[in-house]
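The structure under discussion appears below in the form of structure tokens.
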Amino acid sequence: MSPIFLVASVITLVSALMCVTRRNPVYSAVWLLVCFLSFALHYLALSAPFLATVHVVVYTGAILVLFLFVIMLLNLREEELGDEYPLSRQLGVAGLCTALFGTLAWPLMSDPALRPFATVPEGYGSVESVGDVLFRQYGLAFELVSLLIVVAMFGAMILAKKTLWNSAEPNRG
Amino acid sequence: MTPYLVLSAAVFSIGAFGVLARRNLLIVLMSLELMLNGVNLALTGFSRIHGSAASGGAAAAPHGQVFVLMVMAVAAAEVAVGLALVIAIFRTRQTVDTADISLLKG
Chain P
1 MSPIFLVASV ITLVSALMCV TRRNPVYSAV WLLVCFLSFA LHYLALSAPF
51 LATVHVVVYT GAILVLFLFV IMLLNLREEE LGDEYPLSRQ LGVAGLCTAL
101 FGTLAWPLMS DPALRPFATV PEGYGSVESV GDVLFRQYGL AFELVSLLIV
151 VAMFGAMILA KKTLWNSAEP NRG
Chain H
174 MTPYLVLSAA VFSIGAFGVL ARRNLLIVLM SLELMLNGVN LALTGFSRIH
224 GSAASGGAAA APHGQVFVLM VMAVAAAEVA VGLALVIAIF RTRQTVDTAD
274 ISLLKG
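Listed below in structure tokens is the structure:
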């Protein structure tokens, strides 16, 4: 394990834990930003430079800004943040997720086929090689993703429209 | 390669904890993003194994990295729709608490 991996994975794990445990979503979003940036380091180490670039652009540039935008738009006060589950349930879920981690990590750790970290050919993961595979073999999937994004864009616009919800009674049950 | 895969499993589990144990809709969505990122890291790791395995003969193609690109596009679409739903829910019910949005619960 290289020192870069150790430092980056400590940052990843700590920021991920901080992200899911903060009460205020603004702090969660900032920790998520740190987590995403450390992921870009991992992608670089895994010889995926194009992926690292796209990850920073899409996740920190688009998704996280969208999150911060909505957080600012809602402008939640302390009492609007809602309650949390009791500690017993949170501890129970934590135990469950530790078990999930065990079941996921155990086969990965015991499989010797996954161990080698051999060198990859020159240019692996560059824009050329990724683009070559993407447009030669996954052209249909690429087009379908564009369709999905158009549908999601219209769906988001319609869902967030103000007039759609004006007639609905504020119904607190 | 194993450390990266274990790290991806850990990030996935942390994200699962956030989805199951938190009641703030925004934080649930962020935890969902964490889970997707864990899967992305695993795919990139497997792609790296595949690339080094094929390095002897034919030119290795980064199929796994293309999958990650697809996951990123779907995640972007999912976040747009999810946050629009959060806004719609907040407009009608003035809450982002998942326990208060259980009208459909049987």
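Read top to bottom, the protein sequences are chains P and H. Numbering of the first sequence is given in the working numbering, commencing with residue 1 and proceeding in unit increments. Numbering of the second sequence is given in the working numbering, commencing with residue 174 and proceeding in unit increments. Glycine included, C-beta positions come from ideal geometry on N, C-alpha and C.
Taken through DSSP and simplified to helix, strand or coil, H:ASP270 comes out as strand.
By the Cβ rule, the segment 214-226 of chain H counts as touching the segment 237-244 of chain H, because three or more pairs are nearer than 8 Å.
Within the model, the alpha-carbon separation for H:THR271 versus P:SER110 is close to 39 Å.
Any Cβ of chain P closer than 7 Å to the Cβ of H:MET174 would place that residue at the interface, and such an atom is present.
DSSP places P:ASN24 in the coil class of the three-state scheme, outside both helix and strand. For P:ALA62, there is no enclosing alpha helix (DSSP H), as DSSP gives it neither H nor E.
Using beta-carbon distances, H:LEU205 does not count as an interface residue toward chain P, since no partner is under 7 Å. Scanning chain P for C-beta atoms nearer than 8 Å to the C-beta of H:LEU242 yields LEU51, VAL54, VAL130 and LEU134, reported in chain order.
For P:VAL130, the enclosing alpha helix (DSSP H) has its first and last residue at 127-137.
Flagged as an interface residue toward chain H: P:ILE149, by a C-beta distance shorter than 7 Å. For H:HIS236, at least one C-beta of chain P is nearer than 7 Å to its own C-beta. The beta carbon of H:ILE222 sits closer than 8 Å to the beta carbons of MET174 from its chain, once the five residues preceding and following it are set aside; these are given in chain order. For P:ASN75, the secondary structure class from DSSP, reduced to helix, strand or coil, is coil.
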